[in-house]
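Colleague: Letter 32 of the sequence shown, counting from 1, is numbered 42 in the numbering used here, and no numbers are missing.
In this text, a Cβ means the ideal position worked out from N, Cα and C, and glycines have one as well.
Just so it is clear, the structure is predicted and the values come from calculations on it, not from any experiment.
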Amino acid sequence: MPSIDNYYLLLSLMHKVTALTLLLSIFIWMIARLGRYGWARPWSSPGGSLAFSLLGGYLAVMVSIATVYLGMQAVQVLFLMTGWAEGLVLSRSGDAAQAGCEPVAAPVPRFKRVMY
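1) Using beta-carbon positions only, say whether Leu98 and Gly57 come within less than 8 Å of one another.
2) Would you kindly report the start and end of the unbroken alpha helix (DSSP H) that includes Val27?
3) Quick one: using the 10 Å Cβ neighbour count with 16 as the cut-off for buried, is Leu79 buried or exposed?
4) What three-state label does DSSP hand Leu80 in the structure shown?
5) Where does Ser54 sit, in a helix, a strand or coil, going by DSSP?
6) Which term fits Ala76, buried or exposed, when burial requires 16 or more other beta carbons within 10 angstroms of its beta carbon?
7) On a CA-only basis, which of Leu64, Thr31, His25, Ser74 is nearest Ala42? Give me that one, please.
8) Output the distance between the C-alpha atoms of Thr32 and Ser101, rounded to the nearest integer angstrom.
9) From this set, Lys26, Leu21, Ile38, which residue's C-alpha is nearest Thr92's C-alpha?
10) Between the C-alpha atoms of Gly48 and Gly81, what's the straight-line distance to the nearest angstrom?
11) Identify which residue in Phe89, Val85, Ala95 has its Cα closest to the Cα of Tyr17.
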């Protein structure tokens, strides 16, 4: 065939089953983590709604690359989205706001008097 539109098939033909397994494991792992993070937050929380938005993005990408080629800038956007999702899940700012705690003040820079 001159063109293969199923990216899962193309990835397994170009880089063997290992690359396909790693891509699918990234999808499944991030969907599970985002789902668990989103369910633990209140519905009005910005972190919970962002988690479900990113989860929907992952599901949309998983379905769409079964019929189209994932190339050019789409791969970079996918991994950028993975970084956003990982940063959201690892952040603790939503935990402090949910518990009603005051945020910790930033440390005073050493050379503050020189800058002003």
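Modeller: Walking through what the data contain:
1) yes
2) 17–49
3) Looking at the sequence provided, one finds Tyr at residue 79 rather than Leu. Tyr79 should be labelled exposed.
4) Assignment of Leu80 by DSSP, reduced to helix, strand and coil, places it in the coil class.
5) coil
6) With fewer than 16 Cβ atoms within 10 Å of its Cβ, Ala76 is classed as exposed.
7) Leu64
8) Just to set this straight, residue 32 is Leu in the shown sequence, not Thr. Roughly 24 Å between the two C-alpha positions.
9) Measuring from the Cα of Thr92, the nearest candidate turns out to be Ile38.
10) 29 Å
11) Val85
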